[in-house]
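A.B. asks:
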Amino acid sequence: MSHQAKSTTGLVAIIVILGLWSSSYAGADQAQLQRDYNVKPVPFNHVHVEDGFWTPRLETNRTVTIPYAFGKCEETGRIRNFEKAAGLRTGEHEGIYFDDSDVYKVMEGAAYSLQVNPDTMMRLYLDKLITIMDKARWDDGYLYTFYSLPERQPEKRWTNIQVMHEQYCAGHMYEAAVAHYQVTGDSSFLKIAIDNADLICETFAPDKRTDPSGHQEIKIGLCKLYRATGDEKYLEQARFLLDQRGRKGRRGPDGNGGLYGEYAQDHKPVTEQTTAVGHSVRAAYLYTGMADVAALTGEMQYIHAIDAIWDDTVGTKLYVTGGIGASGGNEGFSEAYELPNQTAYCETCASIANIYWNHRMFLMHGDARYIDVLERTLYNAALSGISMDGDRFFYPNVLESVSGHDRSPWFACACCPSNVARFIPSVPGYVYAHKDRDVYVNLFVGGDATIQTADNTVTLTQQTEYPWDGRVTIRVEPQKSETFSVYVRIPGWARNEAVPSDLY
């Protein structure tokens, strides 16, 4: 069994020189899903990073990007909108109708950061925001500042699900609330999210409205809410919303609303889709949500669909950087093999979403090729979205520029800066995984992790200067002596395979 080390003693040192072996996990089997992913990720807060490449970036995100993003949310009125909705200020809504989501995303990033680096002032700041949000929400759990200002407008709620992004904002709220609950044990934010999710479950149901969300984020949030609470209705709601795509049903206030089309991946039922189309962030969030629901329900039709879509993406629509979305016109996918350099869009959010999707695909199948795509996207298309100083950002990431492309301090539509703020702290969670008694080394990042397997505790320590140097030393220390496997990924690039297809 090449590409793995078996430990029968209390201490094993593995020296891996990258570039010698093929890109696969030899011996990694694929079993039927049983109510969760086959492979379990090692949470980022169980991974201690001591790495020349990643430690400065994680620290910059904590000390610069997150405070900076909160400051921009205050400066641009995003937080004032919540204060107005809470009755603490008066005035009109400021900014874009979906700006609530940016506040939630930065809160999520702050909560992740707190799990690794306790910070009393940051914790108090989050508490303050949660108190404001609690006052801003309506009695039935509705929370969306655009329809709350200058006064509450109940007649406008849920009138344009395709465009207005009430469900999109809700999904980001759920993710932030779960992250906050995990780090603090305080359920105040989680309660706000639960009440909102209960309202959505009551409003959108088989015998009521059947509108799917215009932007697919909510399925990811609902699955996280299900994992946090154990309440099956949130998982079933995610599944219900997935199954409404491509089906007319009873949409809109009058029940006669139409399909949203390819742009929103609403041109046919999700289980019948085989190619990546439309807005690339929405698409990758959809495929991520499909993977989550498939893992938690065992629904194979979702898996067959996203397997085919992944093949189409990696085989015909993936930039060499791992970026997705060639067209600025739809912020999304173009035709197969249409991958221009100067006009490449490659939105930062799309790269982050692509990482989310590929990580889920790995957890489902245990195949190294998904981590190959994740790694390429991480080090190229995603990290290019933020400056080394942590306070300048790219929205699109072109591959060729004559002049005129500089990172910006912020955007009116600031989905990318806020997404970076929440994504960077989670990166250590992509390094390791485990299944039953075995462990996986996916990314090469200096530091250590303590992994609880089925019947043992294993500490892995990496020493490396990756990505500048390919030499990696891995130290394996199981708590008790037994036979188990350590699967070390051999990257595709090590045998000149840019991506796991014949695209390049």
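Residue numbers for the sequence shown follow the working numbering, beginning at 196 and rising by one.
Glycine included, each C-beta is placed from N, C-alpha and C at the ideal position.
Which ranges does the alpha helix (DSSP H) cover as unbroken runs of at least 4 residues, wholly within the region 386-468, from first to last along the chain?
C.D. replies: Inside the region 386-468, DSSP marks whole alpha helix (DSSP H) runs of 4 or more residues at positions 412-424, 427-439, from first to last along the chain.
A.B. asks: Is it true that the CB of Ala478 sits closer than 7 Å to the CB of Gln460?
C.D. replies: Ala478 is positioned such that its CB atom lies closer than 7 Å to that of Gln460.
A.B. asks: Name the one or two DSSP bridge partners that His360 has.
C.D. replies: According to DSSP, which records beta bridges pairwise, His360 is partnered with nothing at all.
A.B. asks: Given Tyr220, which residues of its chain have a CB within under 6 Å of its CB, disregarding the five upstream and five downstream residues?
C.D. replies: Here the model assigns Tyr220 a pLDDT of 44, short of 50, so the residue's position is not dependable and the matter cannot be decided.
A.B. asks: Buried or exposed for Glu530, please, with buried defined as at least 16 other CB atoms from any protein chain shown within 10 angstroms of its CB.
C.D. replies: A residue is called buried when at least 16 other Cβ atoms come within 10 angstroms of its Cβ; Glu530 does not meet this threshold and is exposed.
A.B. asks: So, using beta-carbon positions, are Gly520 and Ala545 closer together than 7 Å?
C.D. replies: yes
A.B. asks: Rounded to the nearest angstrom, what separates Asn536 and Thr516 at their Cα positions?
C.D. replies: 11 Å
A.B. asks: Near Gln348, what residues of its chain come up, given a Cβ to Cβ distance below 7 Å and the 5 sequence neighbours on each side ignored?
C.D. replies: Tyr342
A.B. asks: Is it buried or exposed, His499, if we count other Cβ atoms within 10 angstroms and call 16 or more buried?
C.D. replies: Exposed.
A.B. asks: At the level of alpha carbons, what is the spacing between Trp688 and Val694?
C.D. replies: 8 Å
A.B. asks: With a 10 Å radius around its C-beta and 16 neighbouring C-beta atoms as the bar for buried, classify His198 as buried or exposed.
C.D. replies: Below a pLDDT of 50, predicted positions are generally treated as unreliable, and His198, at 37, falls in that range; no measurement from the model is reported.
A.B. asks: By the DSSP assignment, the alpha helix (DSSP H) with Tyr320 in it spans what residues?
C.D. replies: 315-331
A.B. asks: Is Ala521 helix, strand or coil when you go by DSSP?
C.D. replies: coil
A.B. asks: Give the straight-line distance between the Cα atoms of Val593 and Tyr540, rounded to the nearest whole angstrom.
C.D. replies: 6 Å
A.B. asks: Hey, which unbroken runs of the beta strand (DSSP E) at 3 residues or more fall wholly within the region 655-694?
C.D. replies: Within the region 655-694, complete beta strand (DSSP E) segments of at least 3 residues are found at 666-673, 680-683, given in chain order.
A.B. asks: I think Leu160 touches Ser408, with their Cβ atoms under 8 Å apart; what is that distance to the nearest whole Å?
C.D. replies: With the chain running from 196 to 699 in the structure shown, residue 160 is simply not present.
A.B. asks: Confirm the yes/no value for this check: CB of Ile646, any heavy atom of the ligand COA, distance under 6 Å.
C.D. replies: Only the bare structure without any ligand can be found here, which leaves the ligand COA out of the picture.
A.B. asks: Among Gly484, Glu254, Ser696, which has the Cα closest to the Cα of Pro313?
C.D. replies: Glu254
A.B. asks: Look at the alpha carbon of Val597 and the alpha carbon of Pro262, and state the distance between them as a whole number of angstroms.
C.D. replies: For Val597 and Pro262, the distance between alpha carbons rounds to 33 Å.
A.B. asks: Specify the secondary structure class of Lys630 as computed by DSSP and reduced to three states.
C.D. replies: strand
A.B. asks: In angstroms, rounded to a whole number, what distance separates the CA positions of Arg617 and Leu338?
C.D. replies: 21 Å
A.B. asks: Given this structure, state the Cα-to-Cα distance separating Leu180 from Val465, to the nearest angstrom.
C.D. replies: Given that the chain is displayed from residue 196 to residue 699, the structure contains no residue 180 and the question cannot be resolved.
A.B. asks: I think Phe589 touches Thr543, with their Cβ atoms under 8 Å apart; what is that distance to the nearest whole Å?
C.D. replies: 6 Å
A.B. asks: Would you list the residues sitting across from Thr652 in a DSSP beta bridge?
C.D. replies: Gln647
A.B. asks: Counting C-beta neighbours from all protein chains within 10 Å, is the total for Gln225 16 or more, i.e. buried, or is it exposed?
C.D. replies: With a pLDDT of 37 at Gln225, under the threshold of 50, the modelled position of that residue is not reliable, and the figure given next carries that caveat. Gln225 is exposed by the Cβ-count criterion.
A.B. asks: Go ahead and label Thr260 buried or exposed: buried means 16 or more other beta carbons lie within 10 angstroms of its beta carbon, across all protein chains shown.
C.D. replies: If you draw a 10 Å sphere on the C-beta of Thr260, you find 16 or more other C-beta atoms in it, and that means buried.
A.B. asks: Give me the Cβ distance between Arg632 and Asp650, rounded to the nearest whole Å; I'm assuming they're in contact under 8 Å.
C.D. replies: 6 Å
A.B. asks: Could you check which residue in Val237, Tyr514, Arg230, Phe528 has the C-alpha nearest to that of Val636?
C.D. replies: Val237
A.B. asks: Closer than 6 Å by C-beta to Leu385: which residues in its own chain qualify, once you throw out the five before and the five after it? Chain order, please.
C.D. replies: Ala372, Tyr376
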